[in-house]
Amino acid sequence: MLLLDPRGNVLFAKNAEEEHAPASLVKLMTLYLAYEDLEAGRVEWEDLVTVTLRAARTPRYRMGLGAGETVPLGVLLEGVAIASANDAATAVAEYLAGDEESFVARMNAAAQEQGLTATRFANPHGLPDPAQRSTARDLAILTDHLLREHPAVRTLLGGKTFVYRGRVYSRRVPPFIEAGGVQAFKTGFTNEAGYNLAVATWLDGRRFLGIVLGAPTRGLSFLDAQRLLRYGLSQLGLEPPAQDHRPALPQRKRGNRFRITLPSPTRG
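With our numbering, the residue at position 123 of the sequence shown is 135, and numbering never jumps.
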């Protein structure tokens with residue numbers, strides 16, 4: 013669990029260096045490389061991508077793409093960011109690098125450039141692989157690079173639904189987050205990882221970024237993140253620590269790995 017202030021300083025950390033399965037937070041690097049290519053002019057949002065059999069057979073969650081189907085790259089990126097679609101992530105990887113293995117090599121090269129010393133990528137979607145590991149600190153650095161270098165991605169990470177060929181794709185979002193300041197986020201889940209979450213909020217042009225790994229439920233991952241963000245805002249005097257608007261955080265019971273208690277907010 014980690015919270016960064018607008019300057020990238022750590023406001024709160026708990027088990028931030030502990031290795032963990034990143035699940036679909038891997039897709040943050042997939043988006044990073046896609047936007048790198050988009051902004052360099054190597055690909056276009058409207059490019060038509062032919063879905064391979066390998067991409068179509070990628071296990072769920074999926075958009076339900078068919079082998080041989082042509083899909084705009086932009087739609088696939090919506091699928092990656094909003095629907096967390098694994099088939100879309102594979103299709104993007106193959107289109108950008110020729111094959112999944114070459115794309116994973118790009119992912120690991122980018123991780124090295126960003127200083128993600130405890131991170132190793134094995135695929136572009138986050139499905140379980142024993143070789144694929146990261147930490148809250150590394151994922152915070154990755155998310156910071158993504159949002160700072162490619163701010164246009166905020167539109168996708170803040171989106172909740174998109175429509176393609178008459179079908180509405182959406183992600184399950186706890187209803188309480190609207191008042192909690194979460195403006196951009198990426199979820200991830202596998203049985204091994206639990207519920208992972210990367211979130212960001214902006215206030216007065218300043219961004220706060222939080223990472224939660226291993227929550228036992230999706231709702232608790234958002235409660236953890238919401239409380240992190242409110243704590244960070246209050247520490248910098250950007251929001252009064254109003255008790256009636258700050259949700260109580262149930263104690264997490266996942267073995268003995270996590271017992272989270274945030275410091276009481278103080279006002280300077």
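Using N, Cα and C, we set each Cβ at its ideal position, and we do this for glycine too.
Per DSSP, cross-strand counterpart(s) of residue i
i	result
V104	For V104, which the question treats as bridged, DSSP gives no partner whatsoever.
I223	L14, A210
V83	V61
K198	A210
A32	In the sequence as displayed, the identity of residue 32 is His instead of Ala. In DSSP, H32 forms a bridge with S146.
8 angstroms Cβ cutoff, residue i in contact with chain B
i	result
V63	The structure shown contains no chain B, having only a single protein chain.
Cut-off 7 angstroms between Cβ atoms - residues of its own chain near residue i, not counting five sequence neighbours on either side
i	result
G76	none
G127	I153
A79	V63, T64, L65, A68
P140	A33, T202, E204
F133	V38, M41, V116, M119, N120, A123, Q144
W214	Q195
E30	T147
L158	L40, L43, Y44, V165
A109	F115, R118
L248	D17
Y107	V61, L85
A52	none
Residue i to residue j span [Cα, whole Å]
i	j	result
D59	Q124	29 angstroms
G206	V194	20 angstroms
L169	V224	16 angstroms
V175	A97	14 angstroms
V22	G222	10 angstroms
P84	W57	7 angstroms
A25	L240	10 angstroms
F137	A164	Before going further, note that residue 137 is His rather than Phe in the sequence given. If you take the alpha carbons of H137 and A164, they lie about 21 angstroms apart.
D111	S246	46 angstroms
F220	D156	9 angstroms
T102	T70	7 angstroms
V87	G20	31 angstroms
G178	E90	15 angstroms
L50	S146	26 angstroms
A105	E48	13 angstroms
V185	I94	11 angstroms
K172	F234	15 angstroms
H162	Y181	24 angstroms
G217	L250	11 angstroms
A28	R160	21 angstroms
R72	Q238	28 angstroms
R183	K198	10 angstroms
Buried or exposed by the 16-neighbour rule on C-beta atoms within 10 Å, applied to residue i
i	result
T82	exposed
N208	buried
R54	exposed
K265	Low confidence applies here, because K265 scores a pLDDT of 40, under 50, leaving its location unreliable; read the following figure in that light. With fewer than 16 other Cβ atoms within 10 Å, it is exposed.
D236	buried
S114	exposed
A210	buried
R74	buried
R242	buried
N268	Model confidence at N268 stands at a pLDDT of 33, short of 50, so the residue's coordinates are unreliable and nothing is read from them.
Supposed contact pair residue j and residue i - C-beta distance, whole angstroms, cut 8 angstroms
i	j	result
G244	D99	Going by Cβ atoms, the distance from G244 to D99 rounds to 36 angstroms, so no, they are not a contact pair.
A148	L14	4 angstroms
V92	L43	6 angstroms
Contact set for residue i: own chain, Cβ-Cβ below 6 angstroms, skip 5 residues either direction
i	result
A196	R166, L169, G170, A212
S36	S96, G138, G200
D150	L128, A130, T131
R230	Y207
L232	none
P142	none
Any non-hydrogen atom of the ligand FAD closer than 7 angstroms to residue i Cβ
i	result
N27	The model depicted lacks the ligand FAD and carries no ligand whatsoever.
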